[in-house]
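Remarks on the structure that follows.
Structure representation (C-alpha cells):
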C-alpha cells in the first residue's frame with residue numbers, strides 16, 4: 001500500500017513537525033528575583049511610611065480583548081516589586097507597625113491571592129495559591145481573596161492609608177467572589 005519512498009517522506013515530515021513543535025516552545029525565564037529581594041523592598045517601604053500607617057497595593061485586573069479572549073496579563077509593577085506575585089486578583093497590605101491577630105500571631109504584611117481552582121487552571125495556567133505564596137514569596141500571612149471579607153482590619157484606626165488609584169474600567173465577574181470589583 002505504501003511505497004518505501006512514501007514511508008520515508010511521511011517519516012521525514014513527521015520528524016520535522018515534531019522538531020518544530022519541540023523548538024517552538026517559549027523559554028520561560030527562571031531567574032526571577034528571590035523572595036529576600038521583595039522582603040527587603042517591603043522593609044524599605046515600611047521605613048518610608050509615616051507612623052501608624054498602612055499601604056494597600058492592588059494587582060491589575062485582567063483585560064478582555066474580545067468576548068472570552070483576554071490580553072496577555074501584566075502585573076502592577078508595584079505589586080511585583082513588593083511581593084514577587086505575578087497573578088491577577090490579589091492584594092498586598094503592608095503595615096508600618098507590627099500587628100497581632102486574634103490567635104496572637106504577629107505580622108507586618110498580608111497577601112490575598114487567587115484561590116486554586118483545577119478547572120480554571122486548565123485554561124488560565126497554574127495559580128500560586130496560599131501555600132505557594134507562603135513558600136515561594138515568603139509571606140506567611142497569605143490568604144485566598146475570598147477571605148478578605150472576613151479578615152478583621154479596621155482601616156479607620158490608622159492615621160494614613162496609602163494606596164494607588166483603582167483602575168477605571170473594572171468589570172464585575174459574578175463567578176469570581178474575590179476580584180477587585182467586589
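In my numbering, the protein residues as written are 1 to 182.
Just so you know, even glycine gets a beta-carbon here, dropped at the ideal spot from N, CA and C.
If you're wondering where the values come from, they're calculated on a predicted model, not measured in any experiment.
Tell me which residues share the same chain as residue i and place their Cβ nearer than 6 Å to its Cβ, disregarding the 5 neighbours each side in the sequence.
{"i": "residue 155", "result": "161"}
{"i": "residue 98", "result": "106, 108"}
{"i": "residue 65", "result": "71"}
Where residue i and residue j are concerned, what is the direct C-alpha to C-alpha distance, given to the nearest angstrom?
{"i": "residue 82", "j": "residue 150", "result": "24 Å"}
{"i": "residue 114", "j": "residue 14", "result": "41 Å"}
{"i": "residue 79", "j": "residue 54", "result": "15 Å"}
{"i": "residue 111", "j": "residue 9", "result": "56 Å"}
{"i": "residue 188", "j": "residue 148", "result": "Past the boundaries of the shown model lies residue 188; the chain is included only from 1 to 182, so the question cannot be answered."}
{"i": "residue 106", "j": "residue 122", "result": "36 Å"}
{"i": "residue 84", "j": "residue 35", "result": "7 Å"}
{"i": "residue 183", "j": "residue 12", "result": "Because the chain here runs from 1 to 182, residue 183 falls outside it and cannot be looked at."}
{"i": "residue 37", "j": "residue 172", "result": "34 Å"}
{"i": "residue 46", "j": "residue 163", "result": "14 Å"}
{"i": "residue 104", "j": "residue 140", "result": "14 Å"}
{"i": "residue 96", "j": "residue 157", "result": "13 Å"}
{"i": "residue 118", "j": "residue 51", "result": "42 Å"}
So, is residue i buried or exposed, given that buried needs 16 or more other C-beta atoms within 10 angstroms?
{"i": "residue 61", "result": "buried"}
{"i": "residue 128", "result": "buried"}
{"i": "residue 87", "result": "buried"}
{"i": "residue 152", "result": "exposed"}
{"i": "residue 145", "result": "buried"}
My guess is that residue i and residue j are in contact by the Cβ rule of under 8 Å, so how many angstroms apart are they, rounded?
{"i": "residue 89", "j": "residue 76", "result": "Not a contact, Cβ separation roughly 12 Å."}
{"i": "residue 69", "j": "residue 93", "result": "Not a contact, Cβ separation roughly 32 Å."}
Can you name, in chain order, every residue of its own chain whose Cβ lies under 7 Å from the Cβ of residue i, other than the five neighbours on each side?
{"i": "residue 142", "result": "111, 113, 130, 133, 134"}
{"i": "residue 42", "result": "82, 94, 109"}
{"i": "residue 167", "result": "60, 61"}
{"i": "residue 138", "result": "35, 39"}
Can you list, in chain order, the residues of its chain with a C-beta nearer than 8 Å to that of residue i? Leave out the 5 residues immediately preceding and following it.
{"i": "residue 136", "result": "35, 84, 128"}
**OP:** Would you mind listing the beta strand (DSSP E) stretches within the stretch 82-155 that are 3+ residues and don't spill past its ends, in chain order?
**Re:** 91-100, 106-113, 142-144
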